[in-house]
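Residues in the sequence shown are numbered from 5 upward in steps of one, following my numbering. Down below is the structure, laid out as structure tokens.
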Amino acid sequence: MTRLQFFLCCVLAVAVGCTKDATFTEPEPPQAALHWIHAVPDTGEMDMRPVDIISNAGLFDAVFRGSNMFYQGMEAGTRQIRVFMSSTNPAITGVPILDTTATFASPNSYTIIHTGFARTGSTPGRVLWIVPDAGADPGANNIGIRLLHAGVGMAAVDVNVTRHATDTLPDAPAVANLAYKGIGTYFTLVHDSLAADSLRVVVTATGTKTPVLFSVKIPRGIAGTLTSNPIAGASVAGSVITAVIVPASVVGSTAPQGGAFAAPSAVFLVDRRPANTIPTPP
């Protein structure tokens with residue numbers, strides 16, 4: 005074989021190898037879908053993430069009440085989850101303040117809530133509360149709602165969902181006597197169909213209708229079109245929303261102070277998106 009022939013054979017081998025690389029599809033491992041919430045009311049920014057695998061999953065530089073409203077994927081299996089204080093100082097951000105393992109199955113969905121008190125001597129202390137999600141199709145013209153109680157330091161509550169600020173609360177609440185770390189069941193409501201409608205979560209102490217501890221509107225969402233898919237919300241049928249009750253910030257702590265943080269509230273998560281409206285290409 006001449007030098008030229010040998011050179012051409014090498015070039016051909018490299019070209020074939022490159023072609024295989026270019027067309028190879030990396031298999032995607034089974035995934036679980038996750039929401040993350042920072043619900044610790046007496047401390048500052050935090051990072052939460054798996055550390056046993058390389059993953060973009062997690063919640064980063066999150067202040068109290070920070071969350072990801074829409075699911076993110078993480079490789080299923082038994083994962084080691086750590087929580088860190090967020091800081092530019094490696095001596096702080098490199099030391100986990102919580103370290104645990106949990107198993108996540110594919111294609112299931114979960115809400116991971118860091119809740120409890122951080123201050124020494126305050127009880128109950130911080131834990132990672134992992135809640136399975138199961139937002140089923142709410143049916144035609146409906147939306148689904150579920151309540152979780154992550155309001156550390158708060159007593160049990162009654163929860164109603166109304167359409168207007170002036171609506172009278174019913175004698176029988178939609179969710180009764182929901183205690184801290186309580187998980188409500190999903191229930192359905194007709195979606196908001198009028199501009200004047202504004203579905204809202206109204207929370208009172210158990211067995212009472214006044215005073216209202218807080219009332220907060222569910223995000224309306226955006227209806228889909230032929231060029232843009234819908235965004236889940238109270239006005240978009242097919243949406244399923246979880247409202248997570250969170251407490252007020254502890255006064256004098258490094259959690260955000262004043263304004264909306266001076267009273268309890270709710271964080272909203274999308275557990276099921278409405279069907280896409282953009283036509284599927286032929």
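Glycine is no exception: its CB is placed at the ideal position from the N, C-alpha and C atoms. Source: prediction; values computed, not measured.
Practice task
Go to residue 289, then tell me how far its alpha helix (DSSP H) extends in each direction, as first and last residue.
Solution key: The question about residue 289 has no answer here: the residues shown for the chain are numbered 5 through 286.
Exercise for the section: Hey, could you find the ends of the beta strand (DSSP E) residue 79 is sitting in? Expected result: By 1-based counting over the sequence shown, the position of residue 79 is 75. Unbroken beta strand (DSSP E) run through residue 79: 76-79.
Handout entry: Cβ-Cβ separation, residue 84 to residue 55 (assumed contact under 8 Å), whole Å
Key = The sequence position of residue 55 within the sequence shown is 51, counting from 1. The sequence position of residue 84 within the sequence shown is 80, counting from 1. Contact between residue 55 and residue 84 is confirmed by a C-beta separation of about 5 Å, below the 8 Å threshold.
Problem - DSSP beta-bridge partners of residue 86 - result: As a working mapping, residue 86 is identified with position 82 in the sequence shown. In the DSSP output, where bridge partners are listed per residue, residue 86 has 53 and 103.
Practice task
Ignoring anything shorter than 3 residues or poking outside the segment 209-263, list the beta strand (DSSP E) runs there in chain order.
Solution key: 216-221 and 244-250
Problem - Segment contact, 8 Å Cβ cut-off, at least three pairs: the segment 105-114 with the segment 151-167 - result: no
Problem - Straight-line Cα distance separating residue 226 from residue 240 - result: As a working note, residue 240 is residue 236 in the sequence shown. As a working note, residue 226 is residue 222 in the sequence shown. Looking at the two C-alpha atoms, the distance is approximately 7 Å.
Exercise for the section: Can you grab the Cα-Cα spacing for the pair residue 106 / residue 117, in whole Å? Expected result: The count along the sequence shown starts at 1 and reaches residue 106 at position 102. The count along the sequence shown starts at 1 and reaches residue 117 at position 113. Cα-Cα distance, rounded: 13 Å.
Handout entry: Nearest-angstrom Cβ-Cβ length linking residue 252 and residue 266, presumed shorter than 8 Å
Key = Stepping through the sequence shown from its first residue, residue 252 is reached at position 248. Stepping through the sequence shown from its first residue, residue 266 is reached at position 262. Yes, residue 252 and residue 266 are in contact; Cβ-Cβ is about 6 Å, under 8 Å.
Problem - Among 136, 132 and 43, nearest to residue 260 - alpha-carbon criterion - result: Reading the sequence shown from its first residue, position 256 is the one you call residue 260. If we check each option's Cα against that of residue 260, 43 comes out closest.
Problem - Rounded separation between residue 99 and residue 232 - CA only - result: Here residue 99 refers to the residue found at position 95 of the sequence shown. Here residue 232 refers to the residue found at position 228 of the sequence shown. Roughly 43 Å between the two C-alpha positions.
Handout entry: Simplified DSSP assignment, three categories, for residue 108
Key = As a first step, residue 108 must be located in the sequence shown, where it is residue number 104. In the structure shown, residue 108 sits in a strand (DSSP, three-state: E or B).
Exercise for the section: Please determine if the segment 139-149 and the segment 243-250 are in contact, where contact requires at least 3 C-beta pairs separated by less than 8 Å. Expected result: yes
Practice task
Work out the CA separation of residue 268 and residue 216 for me, nearest whole Å.
Solution key: Counting from 1 along the sequence shown, the entry for residue 216 is found at position 212. Counting from 1 along the sequence shown, the entry for residue 268 is found at position 264. So the two alpha carbons sit approximately 11 Å from each other.
Problem - residue 62 vs residue 69 beta-carbon contact at 8 Å - result: As a first step, residue 62 must be located in the sequence shown, where it is residue number 58. As a first step, residue 69 must be located in the sequence shown, where it is residue number 65. No. Outside cutoff.
Practice task
Leaving aside the five residues before and after residue 186 along the sequence, list all residues of the same chain whose C-beta is less than 6 Å from its C-beta, in chain order.
Solution key: The sequence position of residue 186 within the sequence shown is 182, counting from 1. Cβ neighbours of residue 186 beyond the five flanking positions: 153.
Problem - Whole-angstrom distance between residue 123 and residue 129, CA atom to CA atom - result: Against the sequence shown, residue 129 aligns to sequence position 125. Against the sequence shown, residue 123 aligns to sequence position 119. In a straight line, the C-alpha of residue 129 is about 8 Å away from that of residue 123.
Problem - 6 Å CB neighbourhood of residue 257 in its chain, flanking five on each side removed - result: By 1-based counting over the sequence shown, the position of residue 257 is 253. 46.
Handout entry: residue 266 in three-state terms, based on DSSP
Key = Taking the first residue of the sequence shown as position 1, residue 266 is located at position 262. Residue 266: helix per DSSP, three-state reduction.
Problem - residue 247 classed as buried or exposed, judged by whether at least 16 other C-beta atoms fall within 10 angstroms - result: Taking the first residue of the sequence shown as position 1, residue 247 is located at position 243. By the 10 Å Cβ count, residue 247 comes out buried.
Exercise for the section: Taking residue 37 as the reference, give the member of 276, 270 and 102 with the closest Cα. Expected result: For the purposes of this step, residue 37 is taken as the residue at position 33 of the sequence shown. Selected option, being the one with the closest Cα: 276.
Practice task
Please state whether DSSP places residue 283 in a helix, a strand or coil.
Solution key: Here residue 283 is taken as the residue at index 279 of the sequence shown, counted from 1. Of the three classes helix, strand and coil, the one that applies to residue 283 here is coil, per DSSP.
Exercise for the section: Could you check the C-alpha separation between residue 235 and residue 221 for me, to the nearest Å? Expected result: Translated into positions along the sequence shown, residue 235 becomes position 231. Translated into positions along the sequence shown, residue 221 becomes position 217. Distance between the alpha carbons of residue 235 and residue 221: 16 Å.
Handout entry: Status (buried if at least 16 other CB within 10 Å, exposed otherwise) for residue 197
Key = As a position in the sequence shown, residue 197 is number 193, starting the count at 1. Residue 197 comes out exposed.
Problem - Which listed residue (72, 181 and 78) has its alpha carbon closest to that of residue 58 - result: Taking the sequence shown and counting its residues from 1, the one referred to as residue 58 is at position 54. Closest by alpha carbon: 78.
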